[in-house]
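The structure appears right after this line, and notes come after that.
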Amino acid sequence: MFQAFDPREGKRLALLNPEGCLTECASALPHPTDEEVLEAYRVMVLARQADEWAVNLNRQGRMPTYVLNEGQEANSAGALLALRPDDWFVPAYRELAGMLLRGLPLHQIYLYWHGNELGSHLPRETYHMLPISVPVGSQPLHAVGLAYAERFRGTDRVVIAFMGEGATSEGDWHEALNLAGVWKAAVIFFTQNNQWAISLPARKQTASPTVAEKAFAYGFEGVQVDGNDLFAVYAAVRQAADKARAGGGPTLVEGYTYRIGPHTTSDDPRRYRSEAEVERWRALDPLLRLERYLQNRGLLGAEEVREIREKCLARAQAEFEQAERLKDPSLEDTYRFMFRELPPPLKRQLARRRA
Amino acid sequence: MRSLTLVEAITDGLRTAMQADPTVLVFGEDVGGEGGVFRATAGLQERFGEARCFDTPLSEGGIVGAAIGMAVGGLKPVVEIQFSGFAYSAFNQLANHAARLRNRSRGALSVPLVLRTPHGGGIRAPEHHSECMEAMFAHMRGLKVVIPSTPYDAKGLLIAAIRDPDPVVFLEPARIYRSVRQEVPEEEYTIEIGKARVEVEGSELTLVSYGAQMKEAREAVQALAERGRSVELIDLRSIYPLDAEAVAGSVRKTGRLLIVHEAPESYGAAAEVVTAVVEGAFEYLQAPPARLTGADTFIPLALGEHYYLIRTGQIVAEAERVLAYEP
Numbered sequence: 000m001f002q003a004f005d006p007r008e009g010k011r012l013a014l015l016n017p018e019g020c021l022t023e024c025a026s027a028l029p030h031p032t033d034e035e036v037l038e039a040y041r042v043m044v045l046a047r048q049a050d051e052w053a054v055n056l057n058r059q060g061r062m063p064t065y066v067l068n069e070g071q072e073a074n075s076a077g078a079l080l081a082l083r084p085d086d087w088f089v090p091a092y093r094e095l096a097g098m099l100l101r102g103l104p105l106h107q108i109y110l111y112w113h114g115n116e117l118g119s120h121l122p123r124e125t126y127h128m129l130p131i132s133v134p135v136g137s138q139p140l141h142a143v144g145l146a147y148a149e150r151f152r153g154t155d156r157v158v159i160a161f162m163g164e165g166a167t168s169e170g171d172w173h174e175a176l177n178l179a180g181v182w183k184a185a186v187i188f189f190t191q192n193n194q195w196a197i198s199l200p201a202r203k204q205t206a207s208p209t210v211a212e213k214a215f216a217y218g219f220e221g222v223q224v225d226g227n228d229l230f231a232v233y234a235a236v237r238q239a240a241d242k243a244r245a246g247g248g249p250t251l252v253e254g255y256t257y258r259i260g261p262h263t264t265s266d267d268p269r270r271y272r273s274e275a276e277v278e279r280w281r282a283l284d285p286l287l288r289l290e291r292y293l294q295n296r297g298l299l300g301a302e303e304v305r306e307i308r309e310k311c312l313a314r315a316q317a318e319f320e321q322a323e324r325l326k327d328p329s330l331e332d333t334y335r336f337m338f339r340e341l342p343p344p345l346k347r348q349l350a351r352r353r354a
Numbered sequence: 000m001r002s003l004t005l006v007e008a009i010t011d012g013l014r015t016a017m018q019a020d021p022t023v024l025v026f027g028e029d030v031g032g033e034g035g036v037f038r039a040t041a042g043l044q045e046r047f048g049e050a051r052c053f054d055t056p057l058s059e060g061g062i063v064g065a066a067i068g069m070a071v072g073g074l075k076p077v078v079e080i081q082f083s084g085f086a087y088s089a090f091n092q093l094a095n096h097a098a099r100l101r102n103r104s105r106g107a108l109s110v111p112l113v114l115r116t117p118h119g120g121g122i123r124a125p126e127h128h129s130e131c132m133e134a135m136f137a138h139m140r141g142l143k144v145v146i147p148s149t150p151y152d153a154k155g156l157l158i159a160a161i162r163d164p165d166p167v168v169f170l171e172p173a174r175i176y177r178s179v180r181q182e183v184p185e186e187e188y189t190i191e192i193g194k195a196r197v198e199v200e201g202s203e204l205t206l207v208s209y210g211a212q213m214k215e216a217r218e219a220v221q222a223l224a225e226r227g228r229s230v231e232l233i234d235l236r237s238i239y240p241l242d243a244e245a246v247a248g249s250v251r252k253t254g255r256l257l258i259v260h261e262a263p264e265s266y267g268a269a270a271e272v273v274t275a276v277v278e279g280a281f282e283y284l285q286a287p288p289a290r291l292t293g294a295d296t297f298i299p300l301a302l303g304e305h306y307y308l309i310r311t312g313q314i315v316a317e318a319e320r321v322l323a324y325e326p
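Those protein sequences? They're chains A and B, same order as listed. Each residue of the first sequence is one higher than the last, beginning at 0 in numbering that gives the first Met the number 0. Each residue of the second sequence is one higher than the last, beginning at 0 in numbering that gives the first Met the number 0.
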């Protein structure tokens with residue numbers, strides 16, 4: 000399916016160039032409708048504005064450590080656009096655009112970063128999504144199990160699991176790919192290779208020229224796509240999902256992208272990488288590229304761009320206030336979800352704490 | 000009624016649970032075609048098919064991680080970790096995900112999985128096969144930890160674990176897998192997790208143990224009875240949650256406690272049992288609560304194993320010391 004883009008031959012799937020023009024081969028591949036592209040664009044703008052506002056809040060002392068998405072929005076946006084709403088979504092923690100596309104309210108996402116577990120309250124049949132996963136590389140295994148459960152129950156749902164390139168050094172990641180290969184699990188492993196795992200550059204993470212080619216050792220295909228290109232991400236994930244739904248097993252998609260911002264608001268990347276490098280990647284901004292495309296196509300005016308941005312900023316501000324207004328968790332909340340029913344030791348500990 | 004060994008009762012429990020609930024899956028290394036290295040899953044694949052009982056690659060973290068996904072997806076995975084020491088590889092999945100998903104999702108998601116693994120030494124096994132990890136599992140928070148010492152309890156506790164809405168670690172006393180037989184009902188029944196069992200009633204000393212160590216504890220109670228001493232024997236059965244009241248209640252009657260387990264002493268279950276007694280029966284104590292446990296060493300290989308394991312005679316001697324104590 001991805002023979003034309005074999006990462007072992009140094010090939011990368013890219014459809015939308017930095018000037019916002021689609022290459023010729025785009026028409027031969029699955030692509031989103033204009034309406035879907037506009038939807039993804041709005042969500043990516045909201046994600047960008049939400050991040051900027053969160054950094055602002057962090058400096059004001061109103062938001063603890065926050066993870067930023069700048070420069071990577073097209074990866075999760077393109078991927079989620081290519082999937083059905085009932086396909087499972089297993090995020091890492093840099094998939095804000097995808098979460099918004101899945102329908103998760105921004106105030107709930109803010110609530111999580113603000114310090115309330117209620118932000119991860121994701122009823123199974125509402126979002127078909129697992130909470131953010133902090134232990135790097137651990138969550139792809141859950142995707143394999145979810146895929147097994149869906150097949151066992153006879154559905155044709157597929158599962159997408161996200162992780163960074165740093166996660167590909169973890170044992171659990173390899174176990175997930177191996178199990179998925181053996182079980183022909185309907186999983187799309189999506190690695191956002193953003194070049195940096197906090198301060199470690201990708202070349203020191205793995206001696207493999209690409210992440211994508213690791214898939215072949217597990218008996219399935221891998222493809223590297225331009226992760227700053229919504230159309231390339233969509234095309235790869237859509238094909239991988241169609242294949243998985245038809246029983247063709249897993250695919251590893253590597254979104255080749257860049258983390259423009261720090262790892263989190265607590266990190267200072269100037270200590271370990273050059274501004275010149277960041278500037279080179281800024282020119283490849285996925286949002287800017289999509290904006291040019293939409294303008295080239297006459298689907299978006301300059302005035303509208305400004306308007307959408309302003310509306311998104313206002314919405315981010317309002318959604319944070321909504322999160323901030325919510326009552327803090329109670330003492331009981333921190334105990335009562337340890338088990339479905341509190342066992343005696345926890346009852347005793349809670350009573351003591353209350354006293 | 001049929002008379003079964005402990006490992007046969009486990010197989011029977013799995014079969015009964017799989018029969019009653021079509022979402023129960025059993026998998027792990029060599030559990031499918033082979034029926035498990037200890038034969039605990041013998042015949043299940045033949046009966047329920049490969050989708051419900053199957054072999055996995057050698058991937059303990061993978062087995063538990065995938066089981067988490069299955070459990071969230073509405074299935075009831077019962078996984079086998081072939082030998083205790085290999086469970087360490089799965090700690091990341093257990094501690095970071097299985098144990099805490101209900102809490103971190105504020106009750107929206109849960110992980111009703113069961114992890115079965117052999118417990119303890121005394122079977123002249125190779126390295127890393129004889130671990131006693133109950134305190135580690137219990138300390139993770141969010142996991143229930145049980146360990147039977149009889150065939151009847153094994154089946155009932157296993158079915159309770161499978162029906163439990165939260166993750167349960169089911170430890171199997173490998174040393175006594177085949178050493179005793181007991182009548183075990185054909186039908187489905189459960190034993191409540193978190194409840195200890197008074198196996199022998201007595202009035203002078205409370206002797207607490209669990210798992211394979213119950214074998215020597217029983218022999219010690221017998222030997223002490225022959226010397227005219229009345230010992231109450233409690234099988235803890237659940238490590239978490241601990242039945243603190245059963246132990247404290249017994250000590251309020253006897254005034255003396257001895258807890259015996261194979262696991263290392265420091266930060267072990269015995270410390271928790273002693274605390275339960277100090278908190279719940281302090282005024283009744285006629286002797287300092289005592290513990291007789293494995294040392295903080297690694298269990299030696301076959302030739303040195305006897306230095307580590309606790310023999311009946313040691314329990315008798317320690318019990319007599321506690322009984323002789325005068326305030």
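All residues carry an ideal CB built from backbone N, CA and C; glycine is no exception.
Q. Quick one: Cα of E171(B) to Cα of V179(B), how far?
A. In the second sequence, the residue the question calls residue 171(B) occupies position 172. In the second sequence, the residue the question calls residue 179(B) occupies position 180. If I take the Cα positions, the gap works out to 14 Å.
(Q) Between which residues of its own chain and T205(B) is the CB-CB distance below 6 Å, once the five residues before and five after are set aside? (A) On the second sequence, residue 205(B) is found 206 positions in, with the first residue counted as 1. Cβ contact annotation for T205(B) (same chain, cutoff 6 Å, sequence separation greater than five): E231, S249, V250, T253 and L256, in chain order.
Q) By how many angstroms is the C-alpha of M98(A) removed from the C-alpha of Y233(A)? A) Within the first sequence, residue 233(A) is the residue found at index 234, counting from 1. Within the first sequence, residue 98(A) is the residue found at index 99, counting from 1. Straight-line Cα distance between these residues: approximately 16 Å.
Q) Distance, Cα to Cα, D295(B) vs G267(B)? A) Residue numbering aside, residue 295(B) sits at position 296 when the second sequence is read from its first letter. Residue numbering aside, residue 267(B) sits at position 268 when the second sequence is read from its first letter. Near 10 Å, if we compare the C-alpha coordinates of G267(B) and D295(B).
Q) Using the beta-carbon of each residue, which ones in chain A are nearer than 8 Å to V144(B)? A) In the second sequence, the residue the question calls residue 144(B) occupies position 145. Per Cβ cutoff of 8 Å: no residues; V144(B) is ~11 Å from chain A at best.
(Q) Quick check: the Cα distance between A27(A) and L14(A), rounded to an integer number of angstroms? (A) Here the question's residue 27(A) lines up with position 28 in the first sequence. Here the question's residue 14(A) lines up with position 15 in the first sequence. One C-alpha to the other measures close to 11 Å.
Q: Using a Cβ-Cβ cut-off of 8 Å, state whether G193(B) counts as contacting chain A.
A: As a position in the second sequence, residue 193(B) is number 194, starting the count at 1. For G193(B), the nearest CB of chain A lies under 8 Å from its own CB, placing it at the interface with that chain.
Q) A184(A) and V143(A) look like a contact to me (Cβ under 8 Å); what is the Cβ gap, rounded to whole Å? A) Within the first sequence, residue 184(A) is the residue found at index 185, counting from 1. Within the first sequence, residue 143(A) is the residue found at index 144, counting from 1. Going by Cβ atoms, the distance from A184(A) to V143(A) rounds to 5 Å, so yes, they are a contact pair.
Q) So who's on the other strand from P200(A), going by DSSP bridges? A) For this step, residue 200(A) is matched to residue 201 along the first sequence. Beta-bridge analysis with DSSP links P200(A) to W195(A).
Q. Along the chain, which unbroken stretches of the beta strand (DSSP E) at least 3 residues long are found entirely within the segment 184 to 252 of chain B?
A. With a minimum length of 3 residues, the continuous beta strand (DSSP E) runs that stay inside the segment 184 to 252 of chain B are 196 to 199, 204 to 208, 230 to 234 and 237 to 239.
**Q.** Partners in chain B for F189(A), counting only beta-carbon separations shorter than 9 Å
**A.** Here residue 189(A) refers to the residue found at position 190 of the first sequence. The premise fails here: F189(A) is roughly 16 Å from chain B at the closest Cβ pair, so nothing lies under 9 Å.
Q. Using the beta-carbon count (16 or more within 10 Å), is H305(B) buried or exposed?
A. In the second sequence, residue 305(B) corresponds to position 306, counting from 1. Its Cβ having fewer than 16 others within 10 Å, H305(B) is exposed.
Q: Note the first and the last residue of the continuous alpha helix (DSSP H) segment covering S75(A).
A: Taking the first residue of the first sequence as 1, we reach residue 75(A) at position 76. Run containing S75(A): E72 to L80, per the alpha helix (DSSP H) assignment.
Q) Which residues, in chain order, does the segment 247 to 268 of chain A contribute to contact with chain B at a C-beta distance below 7 Å? A) Here the close residues number zero.
Q. Does DSSP classify I62(B) as helix, strand or coil?
A. Counting from one through the second sequence, the residue named residue 62(B) turns up at place 63. For I62(B), the three-state secondary structure derived from DSSP is helix.
Q) How is the beta strand (DSSP E) around L287(A) delimited, first residue to last? A) Position 288 of the first sequence, counted from the start, is the residue given in the question as residue 287(A). Per DSSP, L287(A) belongs to no beta strand (DSSP E); it is in the alpha helix (DSSP H), P285 to N295.
Q) If you count every other CB in all the chains shown that lies within 10 Å of the CB of C52(B), and 16 or more means buried, which is it? A) On the second sequence, residue 52(B) is found 53 positions in, with the first residue counted as 1. Result: buried.
Q.
Rounded to whole angstroms, what is the Cα-Cα separation between T205(A) and I62(B)?
A. By one-based count along the first sequence, residue 205(A) stands at place 206. By one-based count along the second sequence, residue 62(B) stands at place 63. Taken atom to atom, the span from the alpha-carbon of T205(A) to that of I62(B) is near 25 Å.
Q | Which of helix, strand or coil DSSP assigns to S2(B) | A | Here the question's residue 2(B) lines up with position 3 in the second sequence. Strand, per DSSP.
Q) Skipping 5 residues on each side, what residues in its chain have a beta carbon closer than 8 Å to that of L100(B)? A) Position 101 of the second sequence, counted from the first residue, corresponds to residue 100(B). Here the set comprises I67, V71, L108, S109 and V110.
Q. Cα-Cα, which of V23(B), D20(B) and E49(B) is closest to D29(B)?
A. Translated into the one-based positions of the second sequence, residue 29(B) becomes position 30. Looking at the Cα atoms, E49(B) is the closest of the given residues.
Q. How about T292(B) and A323(B): are their beta carbons less than 8 Å apart?
A. As a position in the second sequence, residue 292(B) is number 293, starting the count at 1. As a position in the second sequence, residue 323(B) is number 324, starting the count at 1. Result no, Cβ atoms of T292(B) and A323(B) do not sit closer than 8 Å.
Q) By a C-beta neighbour count over all protein chains shown, 10 Å radius and 16 as the cutoff for buried, is A245(A) buried or exposed? A) Stepping through the first sequence from its first residue, residue 245(A) is reached at position 246. So A245(A) counts as exposed.
**Q.** 6 Å CB neighbourhood of P249(A) in its chain, flanking five on each side removed
**A.** For the purposes of this step, residue 249(A) is taken as the residue at position 250 of the first sequence. The residues are A179, A184, V186 and F219.
Q) From the beta carbon of I233(B), is the nearest beta carbon of chain A less than 8 Å away? A) As a first step, residue 233(B) is located in the second sequence; it is residue number 234 there, counting from the start. The C-beta of I233(B) comes no closer than 8 Å to any C-beta of chain A.
Q. Would you report the Cα separation of M62(A) and A148(A), rounded to the nearest angstrom?
A. Mapped onto the first sequence, residue 62(A) falls at position 63. Mapped onto the first sequence, residue 148(A) falls at position 149. The straight-line gap from Cα to Cα measures roughly 37 Å.
Q: Determine contact between the segment 159 to 178 of chain A and the segment 83 to 91 of chain A, defined as no fewer than three beta-carbon pairs at a distance below 8 Å.
A: Yes, the segment 159 to 178 of chain A touches the segment 83 to 91 of chain A.
Q.
Buried or exposed, going by whether 16 or more other CB atoms sit within 10 Å of the CB of H113(A)?
A. By 1-based counting over the first sequence, the position of residue 113(A) is 114. Its Cβ being crowded by 16 or more others within 10 Å, H113(A) is buried.
(Q) Within 8 Å of any Cβ in chain B, is that where the Cβ of A65(A) sits? (A) Position 66 of the first sequence, counted from the first residue, corresponds to residue 65(A). Residue identity differs from the one stated: residue 65(A) is Tyr in this sequence, not Ala. False, the Cβ-Cβ gap to chain B never drops below 8 Å.
Q) Between the C-alpha atoms of E198(B) and I233(B), what's the straight-line distance to the nearest angstrom? A) Working through the second sequence from its first residue, we reach residue 198(B) at position 199. Working through the second sequence from its first residue, we reach residue 233(B) at position 234. Using only the alpha carbons, I get a separation of about 6 Å.
Q) If you pair each beta-carbon of the segment 72 to 91 of chain B with each one of the segment 16 to 27 of chain B, do three or more pairs fall below 8 Å? A) Contact between the segment 72 to 91 of chain B and the segment 16 to 27 of chain B is present: three or more C-beta pairs spanning the two stretches fall below 8 Å.
(Q) Quick test of your reading: A73(A) and G226(A), contact by CB under 8 Å. State the CB separation rounded to the nearest angstrom. (A) The residue labelled residue 73(A) in the question sits at position 74 within the first sequence. The residue labelled residue 226(A) in the question sits at position 227 within the first sequence. Contact flag correct, Cβ pair sits at about 6 Å.
Q) Run through DSSP, which three-state label would V232(A) get? A) Here residue 232(A) refers to the residue found at position 233 when the first sequence is read from its first residue. Three-state DSSP puts V232(A) in a helix.
(Q) Using only the alpha-carbon positions, how far apart do A46(A) and A39(A) sit? (A) Along the first sequence, read from residue 1 onward, the residue named residue 46(A) stands at position 47. Along the first sequence, read from residue 1 onward, the residue named residue 39(A) stands at position 40. Going by the C-alpha atoms only, they are around 10 Å apart.
Q) Which one of A65(B), M17(B), A153(B) and G64(B) has the shortest CA to CA distance from L43(B)? A) Against the second sequence, residue 43(B) aligns to sequence position 44. When only C-alpha atoms are compared, the closest one is M17(B).
Q: Could you name the residues of chain D that M337(A) contacts, counting a contact when the two beta carbons are closer than 8 Å?
A: The displayed structure is made up of protein chains A and B, and chain D is not among them.
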